[in-house]
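Asker: Sharing a structure below in structure tokens format, with a few things to ask.
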Amino acid sequence: MKTIYDPRYRRLIGKLKTVRHVQHLRQVDVATRLERTRKWLGKIETHDLRLDVLCFVRLCQVYGIKASRLIRDMEEEPS
């Protein structure tokens, strides 16, 4: 199975999307900070494009959250 279909990956992306909503950030705001397009972030959030580790870390920095915390949470979840 490709990792993009793994339930843990989908939960991780869901958590990132929730953080964005809680912080009242639009996709375009986040994408601009990352020098990406809104469409790119949209594809990440709809699981059409896989988020690589460096972009994951940068996205966490924009959201003001620790990437290591999200990874730790994912490691503790059942597969």
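Position 23 of the sequence shown, counting from 1, maps to 299 under this note's numbering, and the rest follow consecutively. Note that CB positions come from ideal geometry on N, CA and C, so glycine has one too. Just so it is clear, the structure is predicted and the values come from calculations on it, not from any experiment.
#1: Looking only at its own chain, which residues have a Cβ that is under 7 Å from the Cβ of K319, when we skip the five neighbours before and after it?
#2: Going by DSSP in three states, H300 sits in which element: helix, strand or coil?
#3: Is it true that the CB of I289 sits closer than 8 Å to the CB of E321?
#4: The alpha helix (DSSP H) with R314 in it runs from where to where?
#5: For the alpha helix (DSSP H) containing L346, list its first residue and its last residue.
#6: Using the three-state DSSP reduction, which class does K278 fall into: helix, strand or coil?
Answerer: For this structure:
#1: Locating residue 319 in the sequence shown gives position 43, counting from the first residue. Excluding positions up to five away in sequence, the list reads L325.
#2: As a working mapping, residue 300 is identified with position 24 in the sequence shown. Reduced to three states, the DSSP call for H300 is coil.
#3: The sequence position of residue 321 within the sequence shown is 45, counting from 1. The sequence position of residue 289 within the sequence shown is 13, counting from 1. Yes, the pair counts as a contact, with Cβ atoms nearer than the cut-off.
#4: What you label residue 314 is simply residue 38 of the sequence shown in a count that begins at 1. Note, R314: alpha helix (DSSP H), R314 to E321.
#5: Taking the first residue of the sequence shown as position 1, residue 346 is located at position 70. Here the alpha helix (DSSP H) through L346 covers A343 to E352.
#6: Walking along the sequence shown from the start, residue 278 turns up at place 2. Residue state, collapsed to three classes: coil.
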